[in-house]
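Below is one structure, written out as structure tokens; the observations come after it.
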Amino acid sequence: MNWWAEEGQDISTAEWEAVVAGDPGLAMAPMWWSAGRFVSKNPSDAVIATMCQVAKVLSARVQGDDGEYYDA
1090 MNWWAEEGQD
1100 ISTAEWEAVV
1110 AGDPGLAMAP
1120 MWWSAGRFVS
1130 KNPSDAVIAT
1140 MCQVAKVLSA
1150 RVQGDDGEYY
1160 DA
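This note's numbering puts the last residue of the sequence shown at 1161; the count rises by one with no breaks.
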């Protein structure tokens, strides 16, 4: 499964910025927004947990490089 597959709606820049602005803990997480998705390279368990929290707020899902999904 291609984790960049076109499934669901893209996350807008405004949505991403609003979530980041509302959670000071995101400032330390090595994540970036790109092409309607937020991405992290080799995230720690703590970063994955943070990404799951953000995904919940945005009604999105966290998916790994091998196509696996992470639960919030």
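C-beta: ideal position from N, C-alpha, C; glycine also. Note that this is a predicted model, so its numbers are computed, not measured.
Provide the residue span of the alpha helix (DSSP H) that contains residue i, from first to last.
| i | result |
| --- | --- |
| Lys1145 | 1134 to 1146 |
| Glu1104 | 1102 to 1110 |
So, under 8 Å CB-CB, residue i and residue j are touching, yes? Tell me the CB distance rounded to an integer number of Å.
| i | j | result |
| --- | --- | --- |
| Thr1102 | Trp1122 | 7 Å |
| Val1108 | Val1143 | 5 Å |
Tell me where the beta strand (DSSP E) around residue i begins and ends.
| i | result |
| --- | --- |
| Ser1123 | 1121 to 1123 |
| Arg1126 | 1126 to 1128 |
Nearest to residue i by CA position, among the options, is which residue?
| i | options | result |
| --- | --- | --- |
| Val1128 | Gln1098, Ala1110, Pro1119 | Pro1119 |
| Val1136 | Gly1111, Tyr1159, Trp1105 | Tyr1159 |
| Glu1106 | Ser1133, Cys1141, Arg1126, Glu1157 | Arg1126 |
| Leu1115 | Cys1141, Glu1157, Ala1149 | Cys1141 |
What residues in its chain sit with their C-beta under 8 Å from that of residue i, if we drop five residues either side in the sequence?
| i | result |
| --- | --- |
| Glu1104 | Leu1147 |
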